[in-house]
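Residue numbers (the working numbering), protein chains in the order written: chain A, 6 to 396; chain B, 6 to 396. C-beta atoms are modelled at their ideal positions from N, C-alpha and C, and glycine is treated no differently. Fair warning: this is a prediction, and the values are worked out from it, not measured in the lab.
2 protein chains.
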Amino acid sequence: MSTDSLLKHLACSNCGSVFDHREIQTFCLTCNKPLLAVYDLEQAKKKLSKELFSNRLPNLWRYRELLPILEGKHIVSLGEGFTPLIPLSSLGRRLALPHVFVKDESQIPTGSFKARGLAVAVSKALELGIKRVAIPTAGNAGGALAAYAARAGIECFIFMPADVPRLNLIESQVCGARVTLVKGIISDCAKMIAERKAEMGWFDMSTLKEPYRLEGKKTMGWELAEQFEWTLPDVILYPTGGGTGLIGMWRAFSELAELGWISGSRPRMISVQSRGCDPITRAFGDGKTESEFYHNAQTLAAGLRVPKAFGDALILKAIRESGGVAISVSDDEILSAMKDMAQVEGIFMCPEGAATLAAMKRLKEEGEVNASDRIVLFNTATGLKYPEIWQ
Amino acid sequence: MSTDSLLKHLACSNCGSVFDHREIQTFCLTCNKPLLAVYDLEQAKKKLSKELFSNRLPNLWRYRELLPILEGKHIVSLGEGFTPLIPLSSLGRRLALPHVFVKDESQIPTGSFKARGLAVAVSKALELGIKRVAIPTAGNAGGALAAYAARAGIECFIFMPADVPRLNLIESQVCGARVTLVKGIISDCAKMIAERKAEMGWFDMSTLKEPYRLEGKKTMGWELAEQFEWTLPDVILYPTGGGTGLIGMWRAFSELAELGWISGSRPRMISVQSRGCDPITRAFGDGKTESEFYHNAQTLAAGLRVPKAFGDALILKAIRESGGVAISVSDDEILSAMKDMAQVEGIFMCPEGAATLAAMKRLKEEGEVNASDRIVLFNTATGLKYPEIWQ
């Protein structure tokens, strides 16, 4: 059965060249930049409604007309999406910020927001007849790809740092993926895949070198709009590794505006990184449109060890268009934020998620956010995945 | 604001004596048996509808009129409930059982179904003015209580076996609970609480010695009914430790029938235990109405190390009334089921959840379930909580 997807084509995020979505695509080889999915929003205006979406099951496929899968039988789903938006009344009171929420991406298959992108990307891979996939990962994307590939019957090869959080290795292996532990970080893993992929027949699922993970992540923006009753929050704090979620949400807000479903100003997008690896913060501070490779990345927030995001130009553009900023926090601030959040609000965050709380405290001190702002912190995974931190 | 709860009173599950829900209650001291919450279902028939529930947010509080909290301000929520029902088409094909589903209780706060019972119990504790709670736990209930108690501002004391899965200890401590590791298992933990609680001023949150965890667990039954479009599956396989979920679902089905929202036969309730601790299976096989204390309990499914459930009589009654059975599986079968489920369906189950898959295979071989049955397996927690199994 058709999903009634309104996908028209893919377009290069730099030169605008059009690519056919009915064939396997990667990124724009001319510009070396990501492709973006383009939907027929004129049709969408006629066919879609808020009520249509809201009456469907609470998972990301409720937005299926604005997702890239064409046939329902290709959807590979573990029930992902529509994660709760949890108010933080106690912390909010302490910080004099009464309208703070956590978008809790721990309550999702594989315990991390990576499930969104990989549910959609694996579904599309299945639709396009792809049989073998490979991914370089800081950890959680590996676990998510392993799960969805297993479910789709697609062979899965994962390259992760040798010092990856142990549970990322375990979840990938238990799901049957072939895992290679690499001395180095995600960029070293990516290099190994690039060298071997032609010979091995792997389709490369690297962040934004595959066009559809972005579409899965976009649904975080759609869900926020729906959960705020078709308005948008004032500020979103997002821990930026590869940055797909930040770019995706910014795309979602454009789609929503073009449909006329939201009005007024869009959220300020706050990119949060760890001081031990903050290429986006540096590029933002220096007024640059792209980031530089960050050498000797080191932080307890494993997911933030991304020394150069392939979508850096899109990340920086979204932050600036939104009137946001990019800031960095220390590992000590992250650890302290993890404890605060758990002890005051009962949410056992991942370190990447906790970085957003640390950043919000800083923004409050600097007067960058205030009591009237509706603020969303992204908890991108469950704290359960990081026992090493507490040993 | 009122929740419009229709709670009338509590009643002893044995003698029927009535207890006032506006006061703190525990269990029937005369019978030494659990109390059950009784709602005004005549009012419910007039005031409630399927549509009313279905139009609310996808969490367990959508059923609030049939939950025990009286004031909305006392609800302590992390967005728990309405977990996905995931079809198992590949495993189903292999086993010639085309209608098998997993109710995935990993996608919930704290990563386990214990969140349901403790969200409701902590909310009620807050409503009743309780300030300090204690719990004996095989692991996951400790993590869940720690989180909700932190959120409610209630002091929390947890007693768990010294060899508890490490992550249960970590999540409890990070959420600020005071944890005592006990040489022994959950029954030894319970003894320590019983000895000290008067002196320490603890309210005892032990399974079914507190009346409201059952009400939270009951919502699993309500959700199944709603997810099957107000019908019920034919068979439910449930891993029985304390058994609150099994009893709770059986209560939910009674409520649904009394409201006239379902008709026809109710599911066969299959209790699954590990051979290393299977007091319910033994009592069922011996035709007894209560279980005997199981000595030297040992199994990799930590949550099933419950040597004597306080609600054993209710568990056995529900199994028999439903036409179900109680069966045991080995740790080897559990481990093999964990791998099968992960590699074929992409679901990284907890060992307790995997026990239900092992049991279903056995029931299929014995002709106890067949291709026309709609079967639900309960995955009661995320596999992420059990890295020890893979070391």
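Just tell me which of the options has its CA closest to the CA of residue i.
i	options	result
Leu62 (chain A)	A:Thr88, A:Lys51, A:Lys293 and A:Lys52	A:Thr88
Ala124 (chain A)	A:Tyr217, A:Asn37 and A:Leu186	A:Tyr217
Ala307 (chain A)	A:Ser276, A:Ala364 and A:Ala146	A:Ala146
Leu41 (chain B)	B:Cys20, B:Ile80 and B:Lys51	B:Cys20
Thr387 (chain B)	B:Ile352, B:Gly206, B:Ile198 and B:Ala152	B:Ile352
Glu326 (chain B)	B:Lys369, B:Ser276 and B:Lys344	B:Ser276
Tyr44 (chain A)	A:Glu357, A:Gly144, A:His300 and A:Leu261	A:Leu261
Gln278 (chain B)	B:Pro272, B:Gln178, B:Gly290 and B:Glu370	B:Gly290
Lys344 (chain B)	A:Lys344, A:Cys180 and A:Glu350	A:Cys180
Phe118 (chain B)	B:Trp395, B:Pro392 and B:Phe383	B:Phe383
Gly247 (chain A)	A:Gly221, A:Lys38, A:Leu213 and A:Pro272	A:Leu213
Gly250 (chain B)	B:Ser94, B:Ser270, B:Met274 and B:Ser268	B:Met274
Gly116 (chain B)	B:Val107, B:Leu34, B:Glu370 and B:Glu176	B:Glu176
Ile339 (chain B)	B:Phe32, B:Tyr299, B:Met354 and B:Pro92	B:Met354
Ser468 (chain A)	A:Ala288, A:Ile241, A:Leu242 and A:Phe233	What is shown of chain A runs 6 to 396, which leaves residue 468 (chain A) out entirely.
Val330 (chain B)	B:Glu393, B:Ile241 and B:Trp395	B:Ile241
Ala143 (chain A)	A:Gly134, A:Trp207 and A:Asn173	A:Asn173
Lys369 (chain B)	B:Pro272, B:Arg99, B:Arg256 and B:Ile320	B:Arg99
Cys36 (chain A)	A:Gln48, A:Val23 and A:Arg27	A:Val23
Lys129 (chain B)	B:Leu57, B:Phe208 and B:Lys52	B:Phe208
Leu321 (chain B)	B:Trp66, B:Leu34, B:Ile394 and B:Trp255	B:Trp255
Ile159 (chain A)	A:Gly206, A:Ser59, A:Leu34 and A:Ala347	A:Gly206
Val374 (chain B)	B:Ile394, B:Gln178, B:Gly328 and B:Phe32	B:Gly328
Taking the CB atoms as reference points, tell me whether residue i and residue j lie closer together than 7 Å.
i	j	result
Ser333 (chain A)	Arg280 (chain A)	yes
Ala398 (chain B)	Ala342 (chain B)	Here chain B has residues from 6 to 396 only, and residue 398 (chain B) is not among them.
Gly361 (chain A)	Pro244 (chain A)	In the sequence as displayed, the identity of residue 361 (chain A) is Thr instead of Gly. Result yes, Cβ atoms of Thr361 (chain A) and Pro244 (chain A) sit closer than 7 Å.
Ala318 (chain A)	Glu297 (chain A)	no
Ile190 (chain B)	Ala302 (chain B)	yes
Leu131 (chain B)	His79 (chain B)	yes
Thr385 (chain B)	Glu350 (chain B)	no
Lys390 (chain A)	Pro166 (chain A)	no
Leu264 (chain A)	Lys50 (chain A)	yes
Ala157 (chain A)	Val127 (chain A)	yes
Lys38 (chain B)	Ser18 (chain B)	yes
Within its chain, find whatever has a CB closer than 7 Å to the CB of residue i; leave out the 5 residues flanking it on each side and keep chain order.
i	result
Glu10 (chain A)	Strictly speaking, residue 10 (chain A) in this sequence is Ser, with Glu absent from that position. Hits under 7 Å: Arg69, Glu70, Leu72, Pro73, Ile74 and Leu75.
Pro103 (chain A)	Gly97 and Ala376
Asp193 (chain A)	Val187
Asp25 (chain B)	His14
Gly253 (chain B)	Leu219, Lys222, Lys223, Met225 and Gly226
Excluding five sequence neighbours on each side, which residues of the same chain lie with their C-beta closer than 6 Å to the C-beta of residue i?
i	result
Ile113 (chain A)	Glu85, Thr88 and Ala120
Gly77 (chain A)	Met6 and Thr8
Ala16 (chain B)	Val23, Leu41 and Val43
Ala257 (chain A)	Lys223, Gly226 and Trp227
Leu133 (chain A)	Ile29
Give every residue of the same chain whose Cβ lies closer than 8 Å to the Cβ of residue i, excluding the five residues on either side of it in the sequence, and list them in chain order.
i	result
Trp266 (chain B)	Lys55, Ala230 and Trp235
Ser211 (chain A)	Ile140, Pro141, Ala195, Ile198 and Phe315
Asn64 (chain A)	Ser82, Gly84, Glu85, Gly86 and Phe87
Ala182 (chain A)	Gly147, Leu150, Ala151, Ala154, Ala155, Cys161, Phe162 and Ile163
Phe106 (chain A)	Leu90, Ile91, Pro92, Leu93, Pro238, Arg379, Ile380, Val381 and Leu382
Ser95 (chain B)	Val349 and Glu350
Quick one: list the residues of chain D neighbouring residue i, beta-carbon separation under 8 Å, in chain order.
i	result
Gly84 (chain A)	In the structure shown, chain D cannot be found, because the protein chains are A and B.
The ligand PLP heavy atoms versus the CB of residue i: any closer than 6 Å?
i	result
Val184 (chain A)	Absent from the structure shown: the ligand PLP. Ligands present: none.
Practice task
Evaluate contact between the segment 279–289 of chain A and the segment 302–318 of chain A, counting only Cβ atoms and requiring at least three cross-stretch pairs below 8 Å.
Solution key: yes
Exercise for the section: Report yes or no: do three or more beta-carbon pairs, one from the segment 218–228 of chain B and one from the segment 177–193 of chain B, lie closer than 8 Å? Expected result: no
Practice task
Check whether the segment 95–115 of chain A touches the segment 136–143 of chain A, counting contact only when three or more Cβ pairs, one atom from each stretch, lie closer than 8 Å.
Solution key: no
Handout entry: Residues from the segment 336–368 of chain A in contact with chain B, defined by Cβ distance under 8 Å
Key = Met343, Lys344, Ala347, Gln348, Val349, Glu350, Gly351, Ile352 and Phe353
Handout entry: Near-chain A residues of the segment 150–164 of chain B - C-beta to any C-beta below 9 Å
Key = Ala151, Ala152, Tyr153, Ala154, Ala155, Arg156, Ala157 and Gly158
Practice task
Report the residues of the segment 179–194 of chain A with a CB closer than 7 Å to any CB of chain B, ordered along the chain.
Solution key: Val179, Cys180 and Gly181
Handout entry: chain B contacts made by the segment 62–76 of chain A, where a contact means CB separation under 9 Å
Key = Leu62, Pro63 and Asn64
Exercise for the section: May I ask you to list, following chain order, the residues of the segment 117–151 of chain B that have a beta carbon less than 7 Å from some beta carbon of chain A? Expected result: Under the 7 Å Cβ criterion, the segment 117–151 of chain B contributes no residue.
Exercise for the section: Could you list the residues in the segment 384–396 of chain A with a C-beta less than 8 Å from some C-beta on chain B, going in chain order? Expected result: Thr387, Gly388, Leu389, Lys390, Pro392 and Trp395
Practice task
Mind checking the segment 212–232 of chain A against chain B and listing, in chain order, the residues whose C-beta falls within less than 7 Å of any C-beta there?
Solution key: none
Problem - Positions along the segment 168–179 of chain A whose CB lies within less than 8 Å of some CB in chain B - result: The residues in question are Arg171, Leu172, Ile175, Glu176, Gln178 and Val179.
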